[in-house]
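Numbering (the numbering used here), first residue to last: 10 to 234.
Here a beta-carbon is modelled for each residue, glycine too, at the ideal position from N, C-alpha and C.
Notes for the one structure printed next.
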């Protein structure tokens, strides 16, 4: 269980939910040991245990949030409802529920963090802005071969700040976006194109017909090639 103080205020947001209200609460999590079922889930996207460790991703057995001074349970592990915590430091978390319906797959502490930012090198050649930490970790397997790195905003409605972009612009020679070929992804791609003049890549119609919307899907269905 995290050891942060009980009085600290952070935002908890259900990503994708129609209810955009924010509540000032704090997440607590209890990690559990990796099971073969967990590792098999991530392996289908080409994500190894070493990569999960590098990006500070862990399976959890429990999660709580603090509301009005009371610590309330919000999750208890079931085999048919696994959850994984993404830890960004300073008790900032995002919890991923892969088997839940769209709109209830994520619980996070802040929309302003950049997923994968802590794992970037100080300088590099190529940087992709993509939609999820799962894609970032899947792409990471290519980083050493192609000097290719990636990051993801906290949701498909978030554009990183000018301060964050300036930092990344000064560290990476080439930058582009790789979002989903759907309404949300196209909308976000256009925002980055309009605001930061970034070129874009997408898995187009032919891939969409094959059930491929992002790099993690491509890795699952077609491998790394």
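Would you call the region 45-60 and the region 86-93 in contact, with 3 or more CB pairs under 8 Å? Verdict: yes, contact present.
Distance, residue 155 Cα to residue 214 Cα: On the chain shown, residue 214 is found 205 positions in, with the first residue counted as 1. On the chain shown, residue 155 is found 146 positions in, with the first residue counted as 1. Across the structure, residue 214 and residue 155 are spaced so that their CA atoms are roughly 26 Å apart.
Have a look at residue 206 and residue 171 and give me their C-alpha separation to the nearest angstrom. As a working mapping, residue 206 is identified with position 197 in the chain shown. As a working mapping, residue 171 is identified with position 162 in the chain shown. When rounded, the distance between both Cα atoms is 12 Å.
Does the structure place the region 55-72 close enough to the region 128-142 that three or more beta carbon pairs sit under 8 Å? Contact between the region 128-142 and the region 55-72 is present: 3 or more CB-CB pairs across the two stretches fall below 8 Å.
For the putative contact between residue 210 and residue 187, defined by C-beta atoms under 8 Å, what is the C-beta separation to the nearest angstrom? To locate residue 210, count along the chain shown from 1; it is residue 201. To locate residue 187, count along the chain shown from 1; it is residue 178. At roughly 5 Å, the Cβ-Cβ gap stays under 8 Å, so residue 210 and residue 187 are in contact.
Between the Cα of residue 162 and the Cα atoms of 190, 194, 112, 71, which residue gives the shortest distance? The residue you call residue 162 lines up with position 153 of the chain shown. It is 194.
Starting from residue 94, follow the beta strand (DSSP E) in both directions and report where the run begins and ends. As a first step, residue 94 is located in the chain shown; it is residue number 85 there, counting from the start. Where residue 94 is concerned, the enclosing beta strand (DSSP E) starts and stops at 93-96.
On the DSSP bridge list, what partners appear for residue 40? Position 31 of the chain shown, counted from the first residue, corresponds to residue 40. Looking at the DSSP output, residue 40 bridges to 69.
Go ahead and label residue 181 buried or exposed: buried means 16 or more other beta carbons lie within 10 angstroms of its beta carbon, across all protein chains shown. Walking along the chain shown from the start, residue 181 turns up at place 172. Its Cβ being crowded by 16 or more others within 10 Å, residue 181 is buried.
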